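S.K.:
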Amino acid sequence: MSVKIVIIGAGSGFGGRLSLDILSRENLQDVTIALCDLHEGRLSRVLSYVQQTIDHYQLPAKVIADTDRTRLLPGADFVITSIATGGGAYYGHPYNDEIEIPRAFGIDQSVGDTTSIGAIFRFLRTGPVQLQILRDMEKYCPDALLLNHTNPMAMLCWLHGHMTSIKSVGLCHGIIGTNHIVCDYLGLDPDLARYKVAGINHLAWFLEWRHGDQDVYKLLRDKLADGDHEKTKQFLIDESVRVEIFQKFGYFPTESNRHDSEYLPYWRKNRMTREQYHLTERVLTEAFSGKRDWMPDGEGHVTYGEIVRSHEYTSGIIEGVLTDVPYRFNGNVLNTGLISNLPDGCCVEVPCFADSHGINPTSVGALPSVLAHLDHSNIVVQEQAVAAVMHRDKEMAFHACALDPNAAALLTLPQIRTLFEKMWQAEEKHLKWFDPKHSGPVPEYFAP
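Its first residue numbered 68, the sequence shown is counted upward by one per residue in our numbering.
Take a look at the structure:
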């Protein structure tokens, strides 16, 4: 099987992990993995890590690397994106500005990568770069499938679908992670749970949830009623926001406590409410302080990785497309009537199947009305931000910020305008796309 998989942003947390996931599948063990990252040091270490893994397990796969994606894209069958633009994904400039400047105005964000003032600016600087990648795909590998891991997921997938001809799907592990968290709390094997989830990225909903012949929701309600149990006490701390959403609106959402508290205006009003819901303040750093699987060991050596498959969907999708054995997952795609009470053309997260026909999203019908309304409060922000990038319009970007649920709940319009202008000034060098005098390429920077 002659298959080429390009990973752009290979120095991120996904580069090494997804490479090993691909190699873990017998049907994919003779592929060519092409790694791309603008940081030569990270790229060389990821290349060494994947090559040593191939050598250790004596696999027929090949791995190549280049800082220039245009030298890797020709002949690609699949392209994976996991990029950051302007600096590190969650540290340093400009990310820290997207947290610190809103914080000075009373808007506290803990992540800032999906729907918030920070996320809007993250999209404004990332969307144009992502578009350039897809334009290169149109030129060098027009039939390749894009598997996007970059945030803000919904805004980027919306942009991809409306401005390029490339087939694409956005992938997020929040649903799998939530199932594991709740099943662990209930003492259930998460691999035996079955669920139907739909909505928008990071604010999708477990519409049906079963474990064998048991209703997971009934089990969850019964156990939560046991408020004196130590495990329940800890769960109510760790999942305070999501439990309240579940108890008030009837369904459990798919992202973490700290994420969900940014999307709706109920929990981050002031320090008192944040403490009430155990929402800690984001600690900002100037440099990456985590650990990647491809980083040197204690003796300074990069070694091979153990081929143990992660929970990410990506390798399963690739195998499903190549073998025509359907692979089920949840993906982010354009809404073509898939969720009937969300706007056509927006980005929705729905059950999908991957097979030789590509990505096949399934129709869900209507969400319970209250869930649709909650999602719609975020969709209007996404729509306006996408329009801002499509039209290269700064004022539309301000409108997106004015529509943000937390900003609207905490600030007046003049305050939002002042905040917006401070953010724009701080990130202006990353926003050349919006400069009517600028016609050259947008600067790029891939980082973990």
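Note that the Cβ used here is the ideal one computed from N, Cα and C, for glycine as well.
Only a predicted model underlies this, so the values are computations on that prediction, with no experimental measurement involved.
Anyone know if the C-beta pair for L477 and G228 falls short of 7 Å?
M.R.: In this structure, G228 does not lie closer than 7 Å to L477 by Cβ.
S.K.: Y252: which of D164, E297, H443, N268 sits nearest, CA to CA?
M.R.: For Y252, the nearest C-alpha among the options comes from E297.
S.K.: Just the C-alpha distance for C414 and L223, rounded to the nearest angstrom, thanks.
M.R.: Distance between the alpha carbons of C414 and L223: 9 Å.
S.K.: For the candidate residues D305, V310, L270, whose alpha-carbon lies nearest to that of R288?
M.R.: Residue V310 is the option with its Cα nearest to R288.
S.K.: Do R136 and I75 have their C-beta atoms closer together than 7 Å?
M.R.: In contact: R136 and I75 (Cβ atoms closer than 7 Å).
S.K.: Say whether the region 180 to 192 touches the region 371 to 382, bearing in mind that this needs 3 or more beta-carbon pairs closer than 8 Å, one atom from each stretch.
M.R.: No, the region 180 to 192 does not touch the region 371 to 382.
S.K.: Determine the DSSP secondary structure at L274, reduced to helix, strand or coil.
M.R.: Strand.
S.K.: Determine the extent of the alpha helix (DSSP H) in which I100 is found, giving its start and end residues.
M.R.: No alpha helix (DSSP H) contains I100, which is instead part of the beta strand (DSSP E) from 99 to 103.
S.K.: Mind pulling the beta strand (DSSP E) runs of 3 or more residues that sit fully within the region 463 to 508?
M.R.: Listed in chain order, nothing qualifies, since the region 463 to 508 has no complete beta strand (DSSP E) run of 3 or more residues.
S.K.: Which stretch, first to last residue, makes up the alpha helix (DSSP H) that contains I406?
M.R.: Run containing I406: none; DSSP gives neither H nor E here.
S.K.: Distance check for K129 and G142, CA to CA, integer angstroms please.
M.R.: One C-alpha to the other measures close to 14 Å.
S.K.: Rounded to whole angstroms, what's the CA-CA distance from T352 to K489? Just pull it up for me.
M.R.: Cα to Cα, T352 sits roughly 21 Å from K489.
S.K.: Under a Cβ-count criterion, where at least 16 other Cβ atoms within 10 Å of its own Cβ denotes burial, should L480 be classed as buried or exposed?
M.R.: It is exposed - the Cβ of L480 has fewer than 16 other Cβ atoms within 10 Å.
S.K.: Can you say whether S69 is buried or exposed, counting buried as having 16 or more other CB atoms within 10 angstroms of its CB?
M.R.: Flag for S69 reads exposed.
S.K.: What does DSSP give as the partner residues of Q281 in its beta bridges?
M.R.: For Q281, which the question treats as bridged, DSSP gives the partners H278.
S.K.: Looking at the unbroken alpha helix (DSSP H) that takes in D546, where does it start and where does it end?
M.R.: The requested residue 546 is not part of the displayed model; the chain covers only 68 to 515.
S.K.: Of the residues F145, I100, R109, which one's Cα is nearest the Cα of L126?
M.R.: It is I100 whose Cα lies nearest to the Cα of L126.
S.K.: To the nearest angstrom, how far is the alpha carbon of M220 from that of W500?
M.R.: Taking the straight line joining both Cα atoms gives about 20 Å.
S.K.: Rounded to the nearest angstrom, what separates L95 and V350 at their Cα positions?
M.R.: C-alpha separation (whole angstroms): 40 Å.
S.K.: Taking C-alpha atoms, which residue in S79, V117, A433 lies nearest to H106?
M.R.: For H106, the nearest C-alpha among the options comes from S79.
S.K.: Whose CA, out of I243, A452, D391, lies closest to the CA of P418?
M.R.: Looking at the Cα atoms, I243 is the closest of the given residues.
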